[in-house]
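*Asks:*
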Amino acid sequence: MLEKVLSGDLKREEISEWAESYVMADEPKVDDKNVWEMLQIISGIDILDSPKTYLYNEEAIKGWIEKSKDLL
Numbered sequence: 096m097l098e099k100v101l102s103g104d105l106k107r108e109e110i111s112e113w114a115e116s117y118v119m120a121d122e123p124k125v126d127d128k129n130v131w132e133m134l135q136i137i138s139g140i141d142i143l144d145s146p147k148t149y150l151y152n153e154e155a156i157k158g159w160i161e162k163s164k165d166l167l
């Protein structure tokens, strides 16, 4: 999903909403701590640090992708 954000196939808001559905659940159904950590990170991918720029730039997203590959 992160790669789809970089390619423009998904909007940041779409992936954030998807991740939030797990993070904000009353009883999250995620047992893997690494997956849980990534979902928490991804849920904030749409945070703005100014009216036109995101807090997390493309380099940060690429870093998350690399981190997720290391966890597999």
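Note that our numbering gives residue 126 to position 31 of the sequence shown, counting from 1, and the numbers run on in steps of one. Built from N, CA and C at the ideal position, the CB exists for glycine as well.
1. Give the DSSP-derived three-state secondary structure of residue 143 in the structure shown.
2. According to DSSP, is residue 151 part of a helix, a strand, or is it coil?
3. Who are the near neighbours of residue 98 in its chain, counting only those whose CB is closer than 8 angstroms to its CB and skipping five residues on each side?
4. Using the three-state DSSP reduction, which class does residue 105 fall into: helix, strand or coil?
5. Please classify residue 126: is it buried, with 16 or more other beta-carbons within 10 angstroms of its beta-carbon, or exposed?
*Replies:* On the basis of the supplied data:
1. Taking the sequence shown and counting its residues from 1, one reaches residue 143 at position 48. If DSSP states are grouped into helix, strand and coil, residue 143 belongs with the strands.
2. Locating residue 151 in the sequence shown gives position 56, where the first residue counts as 1. Here residue 151 sits in coil by DSSP.
3. Counted from its first residue, the sequence shown places residue 98 at position 3. The answer, listed in chain order, is 160.
4. For the purposes of this step, residue 105 is taken as the residue at position 10 of the sequence shown. In the structure shown, residue 105 sits in coil (DSSP, three-state: anything other than H, G, I, E or B).
5. As a first step, residue 126 is located in the sequence shown; it is residue number 31 there, counting from the start. It is exposed - the Cβ of residue 126 has fewer than 16 other Cβ atoms within 10 Å.
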